[in-house]
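Read through the structure below, which is laid out as structure tokens, and then see the notes.
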Amino acid sequence: MKRGFFALIAAAALVCTGCAGSGAGAPSLDEVFVSRRSIRAYEAGRTISEAEVRELLTATQNAPSWANQQPSKYYVAIGEEKRNAVLELIGGNKSRVINAPVMIVSTFETGKSGFFRGQQVDAEGNLWGAYDNGLSNAYLILKARAMGFDTLIMGMRMADELRQLFDIPENEVILAVIALGYRDQEPKMPVHRPLDEIARFF
Ligand SMILES: Cc1cc2nc3c(=O)[nH]c(=O)nc-3n(C[C@H](O)[C@H](O)[C@H](O)COP(=O)(O)O)c2cc1C
């Protein structure tokens, strides 16, 4: 019964694949959660404007970060030359995102989150920067879906070459490359672990 109900919600949300992010008919947060999936085939010939990417990245600025350090940085390959160069630096992901018009490299500045006045304040240190970057990227992919776009986060990437390509300073850790485009597949809902396996109530 529960499974059937979930399938119905998922189907309704997936129908809204082209939902715009504002005005009447905007998807609810839960619809965005369900219809956002990792997309590994994109429509060819579609473009996304710089203004749209700016709107997307502006949304990430609402993400919380350690002491408001905002360590996340983004390098946006929106021109054809840079986009093609990024495609060569993501290994086997290339064929999955070859038609996505925008590639976004996400990094975080070290020595910010997890630090106070230059001193590391707990054992985790720069792990907090990665934490903050992940939060920021979560906002990015959800906002993208709310705007009618699709994404693929790619951890499989060549960090040294990306650093050269975008002239990324050494004090930034290069984490994911995120493809942005329009889905050309209906993704399957991945299997999720039972809630009681990941959460305990006391
Ligand atoms: C940090 C991270 C790295 C990932 N790297 C890749 C990747 O290199 N290639 C890929 O196809 N998917 C990659 N994924 C996507 C995951 O496989 C995907 O999120 C997971 O299977 C759950 O599917 P869903 O995003 O549709 O819910 C990555 C996801 C995350 C969060």
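Offset between the sequence shown (1-based) and my numbering: plus 978.
Positions of the beta carbon are idealized from the N, C-alpha and C atoms, including for glycine.
Here the structure is a predicted model, which means the values were calculated and not measured.
query: Taking one C-beta from the segment 1001-1017 and one from the segment 1080-1087 each time, how about it: are there three or more such pairs within less than 8 Å?
result: no
field: Pairwise C-alpha distance: residue 1044 and residue 1075
entry: Taking the first residue of the sequence shown as position 1, residue 1075 is located at position 97. Taking the first residue of the sequence shown as position 1, residue 1044 is located at position 66. Taking the straight line from one Cα to the other gives about 32 Å.
task: In angstroms with no decimal places, state the Cα-to-Cα distance between residue 1021 and residue 1097.
output: For the purposes of this step, residue 1021 is taken as the residue at position 43 of the sequence shown. For the purposes of this step, residue 1097 is taken as the residue at position 119 of the sequence shown. Going by the C-alpha atoms only, they are around 47 Å apart.
task: Could you please give the first and the last residue of the uninterrupted beta strand (DSSP E) stretch that includes residue 1198?
output: An answer regarding residue 1198 cannot be provided, because it is not within the stretch 979 to 1180 covered by the chain.
query: Got a list of residues with beta-carbon closer than 7 Å to any non-hydrogen atom of ligand 1, in chain order?
result: 1015, 1016, 1018, 1071, 1074, 1130, 1131, 1132, 1133, 1134, 1154, 1165, 1168
query: When you compare only the Cα positions, how much space is there between residue 1053 and residue 1171?
result: For the purposes of this step, residue 1053 is taken as residue 75 along the sequence shown, with counting starting at 1. For the purposes of this step, residue 1171 is taken as residue 193 along the sequence shown, with counting starting at 1. Approximately 34 Å between the Cα atoms of the pair.
- prompt: Leaving out the 5 sequence neighbours to the left and right, which residues in its chain are closer than 6 Å to residue 1163 when beta-carbon positions are compared?
  reply: Position 185 of the sequence shown, counting from 1, holds the residue named residue 1163. Close CB contacts of residue 1163 within its chain, under the 6 Å cut and outside five residues either way in sequence, are with 1019 (chain order).
- request: Leaving aside the five residues before and after residue 1067 along the sequence, list all residues of the same chain whose C-beta is less than 8 Å from its C-beta, in chain order.
  value: By one-based count along the sequence shown, residue 1067 stands at place 89. Excluding residues within five positions, the ones whose Cβ falls inside 8 Å are 1135, 1136, 1139, 1140, 1143, 1155.
message: Can you give me the C-alpha to C-alpha distance between residue 1080 and residue 1180, rounded to a whole angstrom?
response: Along the sequence shown, read from residue 1 onward, the residue named residue 1080 stands at position 102. Along the sequence shown, read from residue 1 onward, the residue named residue 1180 stands at position 202. Cα-Cα distance, rounded: 45 Å.
query: When the distance is taken between beta carbons, is residue 1150 closer than 8 Å to residue 1060?
result: Residue numbering aside, residue 1060 sits at position 82 when the sequence shown is read from its first letter. Residue numbering aside, residue 1150 sits at position 172 when the sequence shown is read from its first letter. Contact flag unset, no.
task: Please work out which residues of its chain come closer than 7 Å, Cβ to Cβ, to residue 1014, disregarding the five sequence neighbours upstream and downstream, and give them in chain order.
output: Position 36 of the sequence shown, counted from the first residue, corresponds to residue 1014. The residues are 1119, 1120, 1123.
task: Look at the Cβ atom of residue 1129, then the Cβ atom of residue 1101, and state whether they are nearer than 8 Å.
output: The residue labelled residue 1129 in the question sits at position 151 within the sequence shown. The residue labelled residue 1101 in the question sits at position 123 within the sequence shown. For residue 1129 and residue 1101, no; Cβs fall outside 8 Å.
CA nearest to the CA of residue 1113, picked from 1037, 1030, 1042, 1033: In the sequence shown, residue 1113 corresponds to position 135, counting from 1. The alpha carbon of residue 1113 has as its nearest neighbour, out of 1037, 1030, 1042, 1033, the alpha carbon of 1042.
- prompt: Beta-carbon separation of residue 1049 and residue 1110 under 8 Å?
  reply: In the sequence shown, counting from the first residue as 1, residue 1049 sits at position 71. In the sequence shown, counting from the first residue as 1, residue 1110 sits at position 132. Yes.
- request: Closer than 6 Å by C-beta to residue 1077: which residues in its own chain qualify, once you throw out the five before and the five after it? Chain order, please.
  value: Mapped onto the sequence shown, residue 1077 falls at position 99. Within the same chain, residue 1077 has close Cβ partners 1020, 1022.
message: Quick check on the burial criterion: 16 or more other C-beta atoms within 10 angstroms. Buried or exposed for residue 1177?
response: Counted from its first residue, the sequence shown places residue 1177 at position 199. Label assigned to residue 1177: exposed.
- prompt: Would residue 1029 be called buried (16 or more neighbouring beta carbons within 10 Å of its own) or exposed?
  reply: To locate residue 1029, count along the sequence shown from 1; it is residue 51. Classification for residue 1029: exposed.
task: Find out if the Cβ-Cβ distance for the pair residue 977, residue 1035 is shorter than 8 Å.
output: Here the chain has residues from 979 to 1180 only, and residue 977 is not among them.
field: Helix, strand or coil at residue 1024 according to DSSP, with G and I counted as helix
entry: Taking the sequence shown and counting its residues from 1, the one referred to as residue 1024 is at position 46. The answer is coil: DSSP assigns residue 1024 none of H, G, I, E or B.
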